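Asks:
Numbering (the working numbering), first residue to last: 45 to 280.
1) Between the C-alpha atoms of residue 100 and residue 110, what's the straight-line distance to the nearest angstrom?
2) Measuring only the C-alpha atoms, how far is residue 174 from residue 156?
3) Determine the direct distance from the alpha carbon of residue 84 to that of residue 91, and round the result to whole angstroms.
4) So, is residue 115 buried or exposed, given that buried needs 16 or more other C-beta atoms within 10 angstroms?
5) Which residues in the same chain as residue 162 place their Cβ atom closer than 6 angstroms to its Cβ, once the five residues preceding and following it in sequence are excluded?
6) Alpha carbon to alpha carbon, what distance is there between residue 176 and residue 153?
7) Rounded to a whole number of angstroms, what is the C-alpha to C-alpha distance between residue 212 and residue 204?
8) With DSSP run on the structure shown, which of helix, strand or coil describes residue 139?
Laid out in structure tokens, this is it:
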């Protein structure tokens, strides 16, 4: 017992692990009042220490819970960081695509402006060509109308000329027949008149002057009719 008491006194918690009966038997053997008071103080301190241990265990369990929660939060934070990095890459990709889209939009706007200018130029050219075509068409229509009028006039003149030619052909043919008959009759008369001319009135081959006829007027009329017949035949 003495050894046990000494060990308990040497221990930091002398009553730890002892039951109430053992503690009571131990206290009964002590006669000193101061020892009892010391024991009571030790009991009180032991109870307080047990309460503190229980509190520490509770806090330790809470701390374990906090540590687990901290681990979970850390894992969640890592996931959030990964998602943030992924979102950052997505944002950079979107910004790059947005820059390309902006560049394309500016290029398309320039192309649209050029196409509008070309469309305006084509519209002006179409209007100009339309006016030129209308003016040219009107000019050609006037020319065609003038040509049709001229052709109609020439046709009318041709018809009139044909009628006149037919009339003149009929007239000249009748006159030619009459002239031929007159020439034939005049020829016969001239032959008879030639035979009636004396020898001294006939021309001589060695004479330098022209011969003279007694019936010179008849010969002149004969030559005039021959010339008229030749002129009519040449015109026809």
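For every residue, glycine included, the Cβ atom is placed at its ideal position computed from N, Cα and C. All of these numbers come straight from a predicted model, not from anything done at the bench.
Replies: Considering the structure as presented:
1) 14 angstroms
2) 26 angstroms
3) 10 angstroms
4) exposed
5) none
6) 34 angstroms
7) 12 angstroms
8) helix
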